[in-house]
Structure formats: structure tokens, C-alpha cells
């Protein structure tokens, strides 16, 4: 009864569809241009695989973008192969749509059962280690495109080793397209230099973001069409784009019994990856996400898209990074991506068929710069906490050496094992301390209320929130260990967090008048 009342409350409707909250307050002047540029840029990258627009209405994260799960493709293939002949006669499309619907229903059920609390296991160190390792996989996946070679699909332990072996073998055998490689390297170097050195200067004089990635794809399409790169230099292009929309059809629920196991695994993997990326970008851009709402968004997206022949989906690291690099501000950018895809499907498909695939890979590689910069955290984490550093390294190494999903699971298990070890160690220390105290007893204890232990990053967030309200926060008499830990945050994030701290209360009071007013 209580759950039913909560779901009927008007506030639940606003939480269930966040677009009803942020769209009326949408700042056209500040956000529209950025969302259009980001939406159109990634919209072109969506063309080879399709559109996932429902999530933009329900998702709470401003930065996440979705795509099909490559791991689910392998699962789907083995699933179809394992079915009996009479079941397989229902065609792989029917099995695919049933699987997608089953994944969506499982994710919705997980949201209704409030299983989002399980994501508390995803610490910052696990997420940064996992996403950095995933960036290595994304980078590797682009190399065959900029070299113009076709590689066999690899999976399992040591996947990247076999991929690089296949890549070098193809190059040595003379299969590489050096013209494709040349234009790819020129594009990567140009994009990197422009975004690193030229763009900061332009932003000081012009508030409108320059769509460099979009320019690359437009110019690439024009040059490819004029010079006929596909025929003259054998450059791989997007190719034929079918027109029209497929006819929607209801999935066959009678197949649920055959796909349930795979659907459960895919549903969990999809949500874990989505929440991991959501937390990463929420921390980076200083906003919060409702994990349970992300469960709802992904679940309903899967359920509705199951009416069409699409794969189960999850967050796309590469496209999310491109969205961010393009300056996207809100989920409205996804609407522009979808609008562009509809235009391609019905009207302008033939005009983008000549876009070289290598240009999209170049954009992704440049966008991965921020992910690789997270490797600098190893030195900082080592100074702050050896266990946190170990979690980061294990998550990163497992993701690189094994595979994306397995790496994340290994990171979670390793962090849980460290937690159990720390609890057991603490109990052992307490027992030793109890023995050493012997006669030193206290008749009673006093509870100190309103004391909360928070990480340094959260303290920085509190300072920023109060400054936005025109409130200056001063701290006094902090222990040396606390200041050293905060100094590590200062080295990592280049913040001025230590300017809020004073040796004593008198020093803080004496410096109130000398501090600049908080920025509102």
C-alpha cells in the first residue's frame, strides 16, 4: 500500500520523468547551441548502428549516451546457437526482440524492488580504474579502422593481446591501407592541437562552442565525395543506408523461458556499466544522479525498443566522451541526434554514405584523452590510501588484461575482499586493545551527534555549494593528517580547498574581513 501511494504521488511523476522538471527551466541561451552541436555530432556517429531516444526522456544523467552492448551480441549468438531446432525456426529476430524485452522487464523489476542500493559497491576507485581500462579497449577498437584492415572478433582473457597480434600480422602481411592511415593521423594530430591549444583561446573571445568534430565529418564527407576516396584509394566508408522504418511487432513472450538466463546477465551488466559511467560524469560535472531512476530509464528503453529488431543496450563510453567534448549540456542533445537519424533514414541517407569510417575513429581517439589522464590518479592515491590505489590498479589491470565486464566484476570483488579484511583486522586490533586496557574501564559512554565522516571530494563540493549561495565557509584547527589528505586533493583537482582552513579559530575570525566575498 505504501509503495502504491508513493508511485501515485505527483512528485513521483516528476522524478520518474525528469524531463518534466528540467525542460521548463531549460536555459536556451546557455544550452541550446551546445546541445545542437553535440547532438548532431554524435548523431552522425549513430548512423551505422541506430537510435536510442527513449532514454533521453527518463534518464537523470546529463552526459550518458547509449549503444548496443557488444558483449550481448556474443551472448545472443551463443544463445541462438544453443536453442533447439524447432525454437530456432522462430528466427533470430524473434529471439532478439524477446531477449531485449526480457532485459527491460528485469531492469524495471530491479527498480521497483529498490535494488539500486547494490551499486554502493561501485566506489570511485573501481569506477575510475574500470573506465580507464575500458578506454584502452575503445582505443584498440579504433586502430583497425584507421589502418583500414579487417580483424576477427576476439573475446575472453587476453583479448587485447590477440587483437594487437592480429593487427600487427595484418600490417606485416601488407593489408594496411596507408592512405587511410595518413589521413587518420593528420586528422588526429589536427584535432588534438586545435582542441588543446587553439580552442582555449577561442573560448575566451567567443562563448559559442566551435563544433570541430562536426566540421571533421562534414569536410570528410565532402572530400570523400569529390575525390571518390572509396574507389580510388579503397577507403572504407559508411556505405549503403537502408531507408524507411521497420514495422514494429510484439516480441514473443513464449521464448522468455529460453532467454531468461542471458537476459538476467545482460540486464545486470548494462545497469552496472551505466551507473559506473553516470557516477563518473556526475562527479566530474558536479551534479547527482538518481540510480533507481537510471534503472527505470534503461528498463523502459529496452522494453519499448524491443518492438523493433535492436540489440539490448547500455552506456557507450566513446559516444559519451564525444558528447562531452562537444560541450553537451542536457539530455536534449539526444533528441537532436534522433532527429538527425530520422532525417538520414527518410531523406539524406545517400549524402552521408560516403563518410569515411576512419574519421569517426579519429574523433573517438581524441575524446579518450580525458580517460587516459585518470592514470595520474595512481600517484595521488598511493599517497592518500594504499588500499584505494590497489583497488584502482586491480580494476584497471583486470579490465585491460581480461575484458570490460569481467574487469569490473574483478574490481568489485577485490574491493569487497579488502573491506572484509579491514573489518576483521579492526576486530583483531580492538580485541588486542581490550586486553591491554584491563582495569582501565569507563562506566558510561557519550554519543557525539552530528558528526559525519566524508571524503575530501565531498568537502570540496560543500564549499562550492555554499559559495553559490553567497556563503563563505571557514575551517579551523584541522589535524595535520587531514590537511595532508586535502593537499592530495589539491594536487589532483587544482582546487583552492586549503584556503578555507586556518590554524586556529582566532585566525579564522581575524581573516573573515580579508576574504573575498563568495560568488553568487
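Residue numbers (the working numbering): 464 to 983. C-beta: ideal position from N, C-alpha, C; glycine also. Since we're looking at a predicted model, the values are computed, not measured.
According to DSSP, is residue i helix, strand or coil?
i	result
residue 776	strand
residue 638	coil
residue 663	helix
residue 487	coil
residue 644	helix
residue 705	coil
residue 942	coil
residue 479	helix
residue 672	coil
residue 599	helix
residue 815	helix
residue 964	strand
residue 700	strand
residue 492	helix
Just reading off the alpha helix (DSSP H) that residue i is part of, what are its end residues?
i	result
residue 632	622-635
residue 842	840-847
residue 585	Residue 585 -> no alpha helix (DSSP H), and no H or E assigned at all.
residue 765	754-768
residue 934	Run containing residue 934: none; DSSP gives neither H nor E here.
residue 694	692-696
residue 721	719-747
residue 562	555-575
residue 831	That residue, residue 831, is in no alpha helix (DSSP H); it is neither H nor E in DSSP.
On the CB-based measure, 16 or more other CB atoms within 10 Å of its CB, does residue i come out buried or exposed?
i	result
residue 835	exposed
residue 890	exposed
residue 690	exposed
residue 461	Any property of residue 461 remains undetermined from this structure, which presents the chain solely from 464 to 983.
residue 874	buried
residue 764	buried
residue 565	buried
residue 605	buried
Closest to residue i by CA distance: which of the options is it?
i	options	result
residue 793	750, 715 and 703	750
residue 775	730, 813, 815 and 784	730
residue 811	599, 643 and 704	704
residue 830	745, 501, 857 and 619	501
residue 620	927, 861 and 665	861
residue 842	717, 737 and 588	588
residue 721	561, 649, 950 and 840	561
residue 818	663, 664, 697 and 732	697
residue 654	677, 641, 640 and 638	677
residue 735	940, 584, 645 and 789	584
residue 1057	949, 932 and 939	Examination of residue 1057 is not possible in this model, given that the chain is present from 464 through 983 alone.
residue 629	640, 613, 641 and 840	613
Exercise for review: Please confirm if the stretch 757-770 is in contact with the stretch 552-572, defined as three or more CB-CB distances below 8 Å between the two stretches.
Suggested key: yes
Check your understanding: If you pair each beta-carbon of the stretch 676-693 with each one of the stretch 741-749, do three or more pairs fall below 8 Å?
Key -> no
Review point. Between the stretch 601-610 and the stretch 824-831, do at least 3 Cβ pairs fall closer than 8 Å?
Key: yes
Point to revise | Three or more C-beta pairs below 8 Å linking the stretch 499-510 and the stretch 789-805 | key: yes
Practice item. Could you tell me whether the stretch 572-589 touches the stretch 764-783, where touching means 3 or more Cβ pairs closer than 8 Å? Key: no
Review point. Would you call the stretch 852-870 and the stretch 616-630 touching, i.e. three or more CB-CB distances under 8 Å?
Key: yes
Check your understanding: Do the stretch 590-601 and the stretch 851-861 meet, that is, are 3 or more Cβ pairs less than 8 Å apart?
Key -> yes
Exercise for review: Could you say if the stretch 633-646 and the stretch 659-674 meet the contact criterion of at least three C-beta pairs nearer than 8 Å?
Suggested key: no
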